[in-house]
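*Asks:* First residue of the sequence shown: 1, per UniProt numbering; consecutive thereafter.
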Amino acid sequence: MANHQSAIKRIRQSEARRVHNKYYAKTTRNAVRNLRATTDKEAASELLPKVTAMLDKLAKINVIHKNKAANLKSKLASHVNKL
C-alpha cells in the first residue's frame with residue numbers, strides 16, 4: 001500500500017473514476033443493445049441520436065476509443081436504415 005499522501009489520494013481518485021466510467025460505459029452498452037434489438041423504424045430513429053450522443057461523450061472523455069465510437073455509430077446507423 002502507498003505511504004505518500006499524494007499516492008493515497010491518487011488511488012482514491014482512480015477508484016472513483018473507474019466506478020464512474022464503468023457506470024456510463026455499461027449504460028451505453030445497454031442502450032446500443034436495445035437499439036440493435038429494436039425492429040420498429042420509428043422507435044429506432046428516435047433512439048439513434050440519443051445513443052450517438054452517449055457514444056460521443058464516452059469517446060470525448062476517453063472511456064472508449066474514438067474509432068470504436070465511430071464504428072458503433074456507423075453500424076447502428078446502417079441498422080436503422082435497413083429497417
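We put the beta carbon where it would ideally sit given N, CA and C, even for glycine.
For N81, which three-state DSSP category applies?
*Replies:* helix
*Asks:* Is the distance from the Cβ of V32 to the Cβ of V51 below 7 Å?
*Replies:* yes
*Asks:* Could you check which residue in I8, S78 and R17 has the C-alpha nearest to that of L58?
*Replies:* R17
*Asks:* Buried or exposed: where does L83 fall if 16 or more other Cβ atoms within 10 Å of its Cβ makes it buried?
*Replies:* exposed
*Asks:* Nearest to Y24 by CA position, among N34, R10, K41 and L55, is which residue?
*Replies:* If we check each option's Cα against that of Y24, L55 comes out closest.
*Asks:* Does DSSP classify I64 as helix, strand or coil?
*Replies:* coil
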